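Note that the working numbering numbers the sequence shown so that position 64 is 64, with each residue one more than the last.
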Amino acid sequence: MKRRKLGRGNGETGVRRLAKAAGLAVLLSFPLRSPVRAAGEFLRDSNRAAETTDPAAKTALYTRALGAWTPADGDRNKAIVLANRAALHHGAGRYEDAIADLDASMAIMGENPIAVANRGAALSRLERHAEAVGEFTKAIRMEPRNPVHYASRAVAHDAMGNTSQAILDYNVLLSIDPAFKDGFKTRGSLHFKSGEYEEAVRDFDAAIAADKGDRRAYQLRALAREAIDIREKNAAIQARSESRAATEAPARAAPRRDPEPSTGNSPANAGPDARIWLAAGGLLLLGLGLRALK
1 MKRRKLGRGN GETGVRRLAK AAGLAVLLSF PLRSPVRAAG EFLRDSNRAA
51 ETTDPAAKTA LYTRALGAWT PADGDRNKAI VLANRAALHH GAGRYEDAIA
101 DLDASMAIMG ENPIAVANRG AALSRLERHA EAVGEFTKAI RMEPRNPVHY
151 ASRAVAHDAM GNTSQAILDY NVLLSIDPAF KDGFKTRGSL HFKSGEYEEA
201 VRDFDAAIAA DKGDRRAYQL RALAREAIDI REKNAAIQAR SESRAATEAP
251 ARAAPRRDPE PSTGNSPANA GPDARIWLAA GGLLLLGLGL RALK
């Protein structure tokens with residue numbers, strides 16, 4: 001999307017959205033608007049950065065603009081350039097630098113949901129997931145109807161092993177926007193990870209209903225159905241083993257009238273660990289033949 005130049009009367013020019021696959025976090029760049037008519041080096045370099053497509057060149061121009069900033073250029077414009085440069089730092093993997101620019105921007109403009117969510121995204125990339133959850137929670141308080149914030153927080157929750165909390169976030173997300181990209185497929189994968197295979201199948205069914213050409217949803221549903229089948233076979237084998245053990249227990253416990261010397265090789269003389277192993281022999285292991293969910 002082409003940006004307008006800085007100047008009086010320019011409103012918002014739209015947002016630049018960068019979605020990172022592993023983080024489900026969104027980076028949005030701010031529109032630039034000048035409260036003054038002066039067009040010094042700051043405004044000139046900022047406008048050049050807005051028109052440049054190369055990320056490294058954009059970063060260099062924003063950095064040069066910030067070095068030339070004066071109070072006459074306006075605090076708001078400085079804060080916006082900092083936020084825009086933060087997005088570029090994030091895209092280049094410089095997450096600490098992104099956080100520093102976002103902090104400097106919010107020190108001028110105050111907290112806003114875009115900057116707060118972007119800070120959370122950078123923290124997630126640094127694997128500081130608990131802090132990221134806090135940032136996404138703040139963003140949710142500011143924008144409770146924005147499904148992206150719930151998706152981002154779900155990723156951070158899951159990264160900490162709180163998959164049940166991630167599912168709750170996706171419950172809210174899908175109540176807000178049932179058409180959210182990969183929403184049912186992602187929640188289904190979370191249910192699968194939690195061993196909730198029937199719920200996973202229902203979500204993959206919903207994903208297929210929304211897009212009958214989604215091959216991955218069919219594959220995931222097949223895995224969930226296979227997991228249900230394996231679990232049922234495990235339960236049947238376990239039930240038979242327990243029934244057999246219960247039937248054999250009285251015979252093993254009955255006293256002998258004429259005890260004979262043990263040869264040491266009889267199953268009756270096997271230790272408890274050995275008997276448990278024999279009773280459990282043949283159990284299927286859930287997960288054999290199942291591919292990891294991506």
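Note that the Cβ used here is the ideal one computed from N, Cα and C, for glycine as well. Nothing here was measured: the structure is a model prediction, and the numbers come from that model.
Round the Cβ separation of residue i and residue j to the nearest angstrom and send it over; I've been treating them as touching at under 8 Å.
i: Phe184; j: Ala210; result: 7 Å
i: Arg301; j: Asp205; result: Outside the modelled stretch of the chain, which goes from 1 to 294, sits residue 301, for which no answer is possible.
i: Gly40; j: Thr70; result: 7 Å
i: Val90; j: Ala122; result: Note that residue 90 corresponds to His in the displayed sequence, not to Val. Right, the Cβ-Cβ distance comes to about 6 Å (below 8 Å), so this counts as a contact.
i: Ala159; j: His129; result: 5 Å
i: Ala83; j: Tyr62; result: Not confirmed; about 10 Å, so no contact.
i: Ala207; j: Ala217; result: 4 Å
i: Ala117; j: Ser105; result: Contact flag wrong, Cβ pair sits at about 13 Å.
Exposed or buried, residue i, counting other C-beta atoms within 10 Å across all chains shown (16 or more means buried)?
i: Arg125; result: buried
i: Asp73; result: buried
i: Pro147; result: buried
i: Asp45; result: buried
i: Met113; result: Checking the sequence, you will find Pro at residue 113 rather than Met. Buried, because 16 or more other Cβ atoms sit within 10 Å of the Cβ of Pro113.
i: Asn77; result: buried
i: Arg153; result: buried
i: Asn171; result: exposed
i: Asp229; result: exposed
i: Arg240; result: exposed
i: Leu244; result: It is Arg, not Leu, that sits at residue 244 in the sequence shown. Label assigned to Arg244: exposed.
i: Ser189; result: buried
i: Asp75; result: exposed
i: Arg215; result: exposed
i: Lys212; result: exposed
i: Ala79; result: buried
i: Ala156; result: buried
According to DSSP, is residue i helix, strand or coil?
i: Gly67; result: helix
i: Met1; result: Its pLDDT being 41, under 50, Met1 is placed unreliably by the model, and the measurement read from it follows with that caveat. Correct three-state label for Met1: coil.
i: Arg225; result: helix
i: Phe180; result: coil
i: Ile230; result: helix
i: Asp211; result: coil
i: Ser194; result: coil
i: Ala268; result: Note that Ala268 scores 40 on pLDDT, short of 50, meaning its location in the model is unreliable; the coordinates nonetheless yield the value given after this. Looking at Ala268 - three-state DSSP - the assignment turns out to be helix.
i: Asn84; result: helix
i: Pro318; result: As shown, the chain starts at 1 and ends at 294. That puts residue 318 outside it, with no answer to give.
i: Leu126; result: coil
i: Arg244; result: helix
i: Gly188; result: helix
i: Gly282; result: Caution is warranted here: a pLDDT of 27 is assigned to Gly282, below 50, making its placement in the model unreliable, and the coordinate value is therefore given only provisionally. Here Gly282 sits in coil by DSSP.
i: Asp75; result: helix
i: Arg94; result: coil
i: Thr137; result: helix
i: Thr59; result: helix
i: Glu41; result: helix
i: Met160; result: coil
i: Glu111; result: coil
i: Asp103; result: helix
Given the structure, does residue i come close to the ligand NAD, in the sense that its CB is under 7 Å from one of the ligand's heavy atoms?
i: Thr137; result: Looking for the ligand NAD in the displayed structure turns up nothing, as the structure carries no ligands at all.
Three or more C-beta pairs below 8 Å linking the stretch 127–139 and the stretch 98–110: The stretch 127–139 is not in contact with the stretch 98–110.
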